[in-house]
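For the sequence shown, position 82 (counting from the first letter as 1) is numbered 528 according to our numbering, and the numbering increases by one without interruption.
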Amino acid sequence: ANDFTGDGWLTDNDDTTCNPSSTQSVTVTLDTPIPLTWVRLVVRDPENLNQIQLSYQSSPSSTNMTCGDLGTAEVNDKTLDIKCATADPVSAVIIDGFGATGLCTLYISGGRNVALKQTAGQSSRFTSDRYYAGYAVDGTLPSKDNAFSRTTCTHTNINQADPGWWVVTFSQPVDVTWFL
């Protein structure tokens with residue numbers, strides 16, 4: 447999720463709606479700061495790809511920082527992936543330069559969900575036929591009407607003398623940079 451002041455062209459999931467103004471700076475403030483791994487930019491014109499600078503802020507109103515180990519990969523003539531791995535959480539992503547005038551889409555990635563479809567376990571269940579540990583890693587999202595659905599969430603028993611626990615076992619070693 448993000449906080450972007452504008453008319454929606456950047457957040458409408460449409461690569462054909464682009465920056466309608468001549469502004470050369472676009473800032474997206476994240477609701478929840480996350481460590482970055484990469485961003486994807488989609489621009490209106492191919493010449494815009496080479497005229498963009500990426501920076502970030504580690505906290506609101508902090509100094510803009512650049513990526514130390516910047517790497518780029520051109521996906522097609524209008525799409526560029528930029529590797530920008532940060533150890534610390536990022537609160538805002540900034541796109542500067544003439545290329546920002548043709549910016550259409552910005553995807554911000556904190557990585558991939560390495561727990562998805564892995565084996566999960568827990569100390570107990572809140573009720574015997576609901577809230578299985580595997581529900582937390584099955585990839586099913588709750589509906590907007592039922593955010594705490596018994597078939598999409600896990601929950602340990604609240605009447606235990608010992609604190610409950612939940613665990614995920616990975617099929618191979620993984621590097622975890624953050625979790626929620």
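All C-beta atoms, glycine included, are put in the ideal place defined by N, C-alpha and C.
Counterpart residues of residue i in DSSP-defined beta bridges
i              : result
tyrosine 577   : Partner(s): none; tyrosine 577 has no beta bridge.
valine 521     : The partner list for valine 521 (beta bridge, DSSP) is empty, contrary to what the question assumes.
alanine 538    : Thr475, Gln503
isoleucine 554 : Val485
glutamine 568  : Trp612
leucine 549    : Val489
isoleucine 480 : Val536
Own chain residues within Cβ distance below 7 Å of residue i, not counting five before or after
i              : result
serine 437     : Outside the displayed range of the chain (447 to 626) lies residue 437, so it cannot be described from this structure.
valine 583     : Ala561, Leu562, Lys563, Gln564, Ala566, Val614
asparagine 603 : Ser570, Arg571, Phe572, Gly610
alanine 519    : Asp527
Residue i versus residue j: straight-line alpha-carbon distance, rounded
i                 : j              : result
valine 521        : tryptophan 612 : 39 Å
threonine 451     : threonine 573  : Reliability of the predicted coordinates at threonine 451 is poor, the pLDDT of 49 falling under 50, and the value obtained from them is presented with this limitation in mind. So the alpha carbons of these two residues sit roughly 44 Å apart.
alanine 447       : leucine 476    : Any reading at alanine 447 must be qualified, since the residue scores a pLDDT of 46, below 50, and its modelled position is unreliable; no value is offered.
glutamine 470     : aspartate 458  : 20 Å
aspartate 515     : proline 492    : 24 Å
alanine 607       : glutamine 568  : 15 Å
phenylalanine 544 : serine 508     : 23 Å
Nearest neighbour of residue i, chosen from the options [CA to CA]
i              : options                        : result
histidine 601  : Val622, Thr463, Ala538, Tyr577 : Tyr577
leucine 526    : Thr473, Ser508, Trp484, Ala607 : Trp484
isoleucine 528 : Ala538, Asp575, Ile498, Tyr581 : Ile498
asparagine 559 : Cys599, Leu549, Val489, Asp621 : Asp621
aspartate 523  : Thr463, Thr597, Leu487, Gly580 : Leu487
Contact set for residue i: own chain, Cβ-Cβ below 8 Å, skip 5 residues either direction
i             : result
aspartate 481 : Correcting the residue type first, residue 481 is proline in the shown sequence and not aspartate. Closer than 8 Å at the Cβ level, and outside the excluded window around proline 481, lie Ala531, Thr532, Ala533, Asp534, Pro535, Val536, Gly556, Gly557, Thr623, Trp624.
Cut-off 6 Å between Cβ atoms - residues of its own chain near residue i, not counting five sequence neighbours on either side
i           : result
glycine 585 : Leu562
valine 539  : Val474, Tyr502, Ile554
Residue i: CB within 6 Å of a non-hydrogen atom of the ligand MG
i           : result
leucine 526 : Judged by which ligands are present, the structure shown has none, so any question about the ligand MG falls away.
Rounded distance between the beta-carbons of residue j and residue i, thought under 8 Å
i            : j           : result
cysteine 513 : leucine 495 : The pair is not a contact, with the Cβ atoms about 16 Å apart (cut-off 8 Å).
valine 472   : leucine 549 : 6 Å
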